Every structure is written in C-alpha cells, then in structure tokens.
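A.B. asks: Encoded as structure tokens, here's the structure I'll be asking about.
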Amino acid sequence: AMTFWRRPTVLISGLLATLVLVNRWRSKRQSCVAFEVTQQRTPRVWCSSSPKGSGDNKEDLVAARFARCLFHSLQTAASVGQIIVNYKETIKDGEVVVCLAPAQGGGPEPGTLNLPLGHASLSGGTFSYANCPANELEGKWAEIPSDHRKAHIGLAACVLLEDCAGRVLLLRRAAHMRTFPGAWVLPGGGVDPGEGVAAAAARELWEEAGVRVAPGSLRPVGLWESCYPTTAAAALSQAPFLAGHHLVVFLAG
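According to full-length UniProt numbering, the stretch in the sequence shown is residues 1 to 253, in order.
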C-alpha cells in the first residue's frame, strides 16, 4: 500500500524528530568514538584519544555487536533519544563504509556532515541505554537459540520524498513481514554489498514505489537506530527474538 500523508507536527511517533537539524552543539567529551558499518554487515567501533584519530591501531578496534545499543557503543549521554553525530561515507578496501563519531564543536570537517541520530523513546519521551532492546538482550544472549543470534547490526537507507503539496510518501509493510509488519514507513531497505547508501535508497524507492530518482540528487539528512521487536520482553517471547537491528540513513532530494 502507498499513500502521501500531509506532514503533521509528529509524523511517526518521534521517528522524524531525528530529521530536525541542530545548528549548535558542543561535545564535552575529550575522546572520539567512531562507528563503522560496511555492506558486509561487519561494523566496527574504535576509540581514540584525539577527535581526529584514525582508529588505525587494531588494538583499539572493538566489534559492534548486534545485541548492543549503538548509542551505548558511542558512549554519548542522551536524555531525549537523539544526539548529533559526524557522518562520513567513504571507500575502504573497495567497499562503501559509513563512519560515525560524536560531533565536535566548530562544525563538521570537509567531506563530512553533522546529522541527528535518533532512537525510539519510551512513553513520555525519555530514553535510557538500559531500555534499548539490544542492550537488554546483551545480558540474555544465552537464552536465545544459536540459529537466531546475529553478530552485527545492518545498514539500511530510506527516502524522505515530499511532493509540491508538502506531503510525504509512506508505504505500508505487508502483514507477513518479519519486522514491523503492517507498519507505515518511508520507502527504503537494506544496503547491498557493492552499493552506496544513496544508490540503495534510489533502488528501494524504484522497487517499492515505482518512483525514479537519481542517486546523486539524494543527500543524508538524518540517522535512526532501529530495533525490532522494540522491547526486550517481546523479543524474548517470540521468535526470531531480536529480528532486526539496523542503522538507518534518511536521505532527501
């Protein structure tokens, strides 16, 4: 199903709050924590004492686990489910790599963007790392059958497509889908190996909605950490437990 919805104050229960850009933000942290997601679904996290640290020291590399909150991995306190991160898409070993790090004062460096990173909030608009289903499941990993365990989070892209009337295109997921069945979502999906983020977003838009856009016309405008089921209780009570954990890149023309 497909429809255009006129944009309300809150379109999808806090989801598009991550698209509100913050012009001024100052990090009080001295260290830089960067997050990588490759199309091979093998993200890595590194810590450096310098905000411009390259993370080349392999002793600093730590695997970013599927059952761990991305916010927690970035070690940045956020009370409202949103932080500002520095975003860079680059090529490493022939693959497109998305790199995230807490944004530093003074604006983004050349070739990077400062973008909001959102996370589903609890009722009342509060958020805690401890309440992220991925974080909650980390201590219950042994309870999950081995055939349902995943090592890393995935990378996905979706398109914020707006028409001249100010309406945003939403698609309804089929009821049999493994994650978010029956939900109204922005068109998008997983990034395939050998594919850039914008190319993936454009491909998904064409496959799902029959709308063609040039990948070069799309730019990242926000990020979202998506988990399904959305609570640890639901994940442990129904297979396949934590069925989906993705970093979602929102793009717009």
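In this text, a Cβ means the ideal position worked out from N, Cα and C, and glycines have one as well. Because the structure is a prediction, the values reported are computed rather than measured.
Might you give, ordered along the chain, the residues of its own chain that have their beta carbon closer than 6 Å to the beta carbon of residue 227, omitting 5 neighbours on each side?
C.D. replies: Here residue 227 refers to the residue found at position 227 of the sequence shown. Cβ neighbours of residue 227 beyond the five flanking positions: 133, 134 and 245.
A.B. asks: Can you give the beta carbon distance from residue 185 to residue 191, rounded, assuming they're within the 8 Å contact cut?
C.D. replies: Your numbering for residue 185 matches position 185 in the sequence shown. Your numbering for residue 191 matches position 191 in the sequence shown. Actually they are not in contact, since the Cβ atoms of residue 185 and residue 191 sit about 16 Å apart, beyond 8 Å.
A.B. asks: Report buried or exposed for residue 176, applying the criterion of at least 16 other Cβ atoms within 10 angstroms of its Cβ.
C.D. replies: By one-based count along the sequence shown, residue 176 stands at place 176. With fewer than 16 Cβ atoms within 10 Å of its Cβ, residue 176 is classed as exposed.
A.B. asks: For residue 218, does the three-state DSSP call read helix, strand or coil?
C.D. replies: Counting from one through the sequence shown, the residue named residue 218 turns up at place 218. Here residue 218 sits in coil by DSSP.
A.B. asks: Do residue 83 and residue 117 have their C-beta atoms within less than 8 Å of each other?
C.D. replies: Within the sequence shown, the letter at position 83 stands for residue 83. Within the sequence shown, the letter at position 117 stands for residue 117. It is a contact, given that the beta carbons lie within the stated cut-off.
A.B. asks: If you drop the 5 nearest sequence neighbours on each side, which residues of the same chain put their C-beta closer than 8 Å to that of residue 181?
C.D. replies: By one-based count along the sequence shown, residue 181 stands at place 181. So the list reads 173, 174 and 175, once near-sequence residues are dropped.
A.B. asks: List the residues that DSSP assigns as beta-bridge partners of residue 90.
C.D. replies: By one-based count along the sequence shown, residue 90 stands at place 90. In the DSSP output, where bridge partners are listed per residue, residue 90 has 97.
A.B. asks: With respect to the beta strand (DSSP E) encompassing residue 172, which residues constitute its N-terminal and C-terminal limits?
C.D. replies: Within the sequence shown, residue 172 is the residue found at index 172, counting from 1. 167–172 is the span of the beta strand (DSSP E), which, as asked, contains residue 172.
A.B. asks: If we count the other Cβ atoms within 10 Å of its Cβ and call it buried at 16 or more, is residue 109 buried or exposed?
C.D. replies: As a first step, residue 109 is located in the sequence shown; it is residue number 109 there, counting from the start. It is exposed - the Cβ of residue 109 has fewer than 16 other Cβ atoms within 10 Å.
A.B. asks: Please report the distance separating the alpha-carbon of residue 159 from that of residue 115.
C.D. replies: Numbered from its first residue, the sequence shown carries residue 159 at position 159. Numbered from its first residue, the sequence shown carries residue 115 at position 115. C-alpha separation (whole angstroms): 15 Å.
A.B. asks: Residue range of the beta strand (DSSP E) that residue 116 falls in?
C.D. replies: Mapped onto the sequence shown, residue 116 falls at position 116. Note, residue 116: beta strand (DSSP E), 113–119.
A.B. asks: Taking only the alpha-carbon atoms, compute the straight-line gap between residue 251 and residue 102 and give it to the nearest angstrom.
C.D. replies: Here the question's residue 251 lines up with position 251 in the sequence shown. Here the question's residue 102 lines up with position 102 in the sequence shown. If you take the alpha carbons of residue 251 and residue 102, they lie about 20 Å apart.
A.B. asks: Please classify residue 164 as buried or exposed, where buried requires at least 16 neighbouring CB atoms within 10 angstroms.
C.D. replies: Reading the sequence shown from its first residue, position 164 is the one you call residue 164. Result: exposed.
A.B. asks: Under a Cβ-count criterion, where at least 16 other Cβ atoms within 10 Å of its own Cβ denotes burial, should residue 224 be classed as buried or exposed?
C.D. replies: The sequence position of residue 224 within the sequence shown is 224, counting from 1. So residue 224 counts as buried.
A.B. asks: Check whether the Cβ atoms of residue 188 and residue 201 sit closer than 8 Å, and answer yes or no.
C.D. replies: If you number the sequence shown from 1, residue 188 lands on position 188. If you number the sequence shown from 1, residue 201 lands on position 201. Yes.
A.B. asks: Secondary structure at residue 199, three-state DSSP: helix, strand or coil?
C.D. replies: As a position in the sequence shown, residue 199 is number 199, starting the count at 1. Residue state, collapsed to three classes: helix.
A.B. asks: Sort 249, 220 and 241 by Cα distance to residue 229 and report the nearest one.
C.D. replies: Your numbering for residue 229 matches position 229 in the sequence shown. Of the candidates 249, 220 and 241, the one whose C-alpha sits nearest the C-alpha of residue 229 is 241.
A.B. asks: If I'm right that residue 161 touches residue 211 with Cβ under 8 Å, what's the distance once you round it to whole angstroms?
C.D. replies: As a position in the sequence shown, residue 161 is number 161, starting the count at 1. As a position in the sequence shown, residue 211 is number 211, starting the count at 1. Confirmed, Cβ separation roughly 7 Å.
A.B. asks: Please classify residue 233 as buried or exposed, where buried requires at least 16 neighbouring CB atoms within 10 angstroms.
C.D. replies: One-based indexing of the sequence shown puts residue 233 at position 233. Under this definition residue 233 is an exposed residue.
A.B. asks: Can you check whether the CB of residue 153 is closer than 8 Å to the CB of residue 66?
C.D. replies: Here residue 66 corresponds to residue number 66 of the sequence shown, with the count starting at 1. Here residue 153 corresponds to residue number 153 of the sequence shown, with the count starting at 1. Closer than 8 Å, so yes.
A.B. asks: Whole angstroms is fine: what's the gap from residue 68's alpha carbon to residue 217's?
C.D. replies: Walking along the sequence shown from the start, residue 68 turns up at place 68. Walking along the sequence shown from the start, residue 217 turns up at place 217. Spanning the two alpha carbons is a distance of roughly 33 Å.
A.B. asks: If contacts are defined as beta-carbon pairs under 8 Å, then residue 140 and residue 70 qualify, I think. What distance do you get, rounded to the angstrom?
C.D. replies: Taking the sequence shown and counting its residues from 1, the one referred to as residue 140 is at position 140. Taking the sequence shown and counting its residues from 1, the one referred to as residue 70 is at position 70. Not quite, the Cβ-Cβ distance comes to about 19 Å (not below 8 Å), so this is no contact.
A.B. asks: Using the Cα positions of residue 99 and residue 155, report the straight-line distance between them to the nearest angstrom.
C.D. replies: Locating residue 99 in the sequence shown gives position 99, where the first residue counts as 1. Locating residue 155 in the sequence shown gives position 155, where the first residue counts as 1. Cα-Cα distance, rounded: 11 Å.
A.B. asks: Check whether the Cβ atoms of residue 111 and residue 88 lie closer than 8 Å to each other.
C.D. replies: Walking along the sequence shown from the start, residue 111 turns up at place 111. Walking along the sequence shown from the start, residue 88 turns up at place 88. Contact: yes.
A.B. asks: Hey, how far is the Cα of residue 215 from the Cα of residue 178?
C.D. replies: Working through the sequence shown from its first residue, we reach residue 215 at position 215. Working through the sequence shown from its first residue, we reach residue 178 at position 178. Roughly 28 Å separates the two Cα atoms.
A.B. asks: At which residues does the beta strand (DSSP E) containing residue 157 begin and terminate?
C.D. replies: If you number the sequence shown from 1, residue 157 lands on position 157. Its beta strand (DSSP E) spans residues 154–160.
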